[in-house]
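What the sequence shown shows, in the working numbering, is residues 665 to 959, in sequence order.
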Amino acid sequence: MSFVEYSDFIQDGDVAIVYLNHNSAMPVKVQQGAQTQTRYGVIRHSTDLIGQRYGSKVTCSKGGWVHVLHPTPELWTVSLPHRTQILYTTDIATITMMLELKPGSVVCESGTGSGSLSHAILRTIAPTGHLHTVEFHQQRAEKVAEEFKEHRVDHLVTVRNQDVCKEGFGVTGVADAVFLDIPSPWEAVGHAKAAMKKQGGRICSFSPCIEQVQRTCEALTDQGFEEISTVEVLLRVHDVRTVSLSLPDFGPDSSAQTEAGAAPNHTSVTMKTTTPPREVPGHTGYLAFATKPRT
């Protein structure tokens, strides 16, 4: 099992995702002889998990059942233990696209936090890319490094415990892209530029407040970055439902031959339609993008 390589069967030591329902999933470290308690009963790792195919439907001790899925960055995002506020798939998809990440890309990230974005970056840049991620908090840095090793992606990532605003990313002239998710990203723009390759590259800064965005964009301009833009991504999921609509009655058809006294033909049609949600998920943050000019 690896977050960047698919395996067919569950093995001892894997991290599997137990999918309870549409709103609930939990990561499980598979171990010989261990048990996991769920609302549907106990899952016994030795008999219920090890050797089973990923995607299998597993019956728990109380008769209920769950699906056991191969871990992906998307599933990890909705099931990981929160040590900080995390980025979700809506923003992550935009970030990986706008930073133009691909297999072989070298990326610098700060701060690492709970590792939600980090896992998506690693899958995108595998198998030959590398992620240099910086986390200010020592315990969080140690914990995310343990998770990378447990998820078998540690060969693709270097974790540093330092203040990126003062000490930078620990690398110079290697990054194709830089991502900033820190309280004062404008203080790290200079270090980000130094970490990037001379032939250009892309930078993204995530900030919840527009005042942070303004100061960051000013710093990007001062450092000579171009194509500066800011976006806000809002998710809007439509509900699908089946409706029955009556066809309009335009009166008798003079060209049609109908029997005297025949009853009017009131027909209807059944179709699927969508309705917009009454409430839309609120603001998460602003994404400021810029390009380093080629020198």
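Built from N, CA and C at the ideal position, the CB exists for glycine as well.
Reference residue i, options the options, closest by Cα
i	options	result
GLY719	HIS734, ILE789, ARG787	HIS734
HIS746	THR723, ASP712, MET690	MET690
SER869	VAL706, VAL692, ILE756	ILE756
TRP740	LEU899, VAL692, GLN826	VAL692
GLY865	HIS783, SER932, GLU764	GLU764
ILE714	VAL694, LYS721, GLY728	VAL694
PRO863	GLU814, GLY837, TRP729	Note that residue 863 is Gln in the sequence shown, not Pro. Cα-wise, what sits closest to GLN863 is GLY837.
GLN749	SER778, GLU773, VAL771, HIS731	SER778
SER932	SER910, LYS830, PHE812, PRO940	SER910
VAL828	VAL842, GLU814, PHE800	PHE800
HIS686	SER743, GLU882, PRO849	SER743
Range covered by the beta strand (DSSP E) that runs through residue i
i	result
CYS772	770-774
ARG787	First-last for ARG787: 780-789, but that is the alpha helix (DSSP H), not the beta strand (DSSP E).
TRP729	729-733
VAL821	821-825
LYS726	Neither: LYS726 is in no beta strand (DSSP E) and is coded neither H nor E.
Between the CA atoms of residue j and residue i - distance to the nearest angstrom
i	j	result
ALA954	SER688	37 Å
ASP913	GLU875	58 Å
ASP818	PRO957	32 Å
THR894	TYR950	7 Å
GLN675	VAL904	39 Å
THR753	GLY915	53 Å
VAL706	GLN699	7 Å
LYS936	GLU738	29 Å
CYS772	MET762	15 Å
PHE667	GLU851	33 Å
SER769	VAL730	37 Å
VAL682	GLY946	28 Å
GLU669	HIS783	12 Å
First through last residue of the alpha helix (DSSP H) which encompasses residue i
i	result
ILE759	753-762
GLU799	Here GLU799 belongs to no alpha helix (DSSP H); instead the beta strand (DSSP E) covers 794-799.
VAL853	853-859
VAL742	737-743
VAL828	828-831
For residue i, the residue or residues it bridges with in DSSP
i	result
CYS868	PHE843, PHE953
PHE812	In DSSP, PHE812 forms no bridge with anything.
CYS688	The question names Cys, but residue 688 in the sequence shown is Ser. Bridge partners of SER688: ASN685.
ARG708	GLN699
VAL722	VAL730
VAL679	LYS693
ARG717	PHE673
Completely contained beta strand (DSSP E) runs for the stretch 871-942, where each covers 3 or more residues: Runs found: 890-895, 903-910, 932-939.
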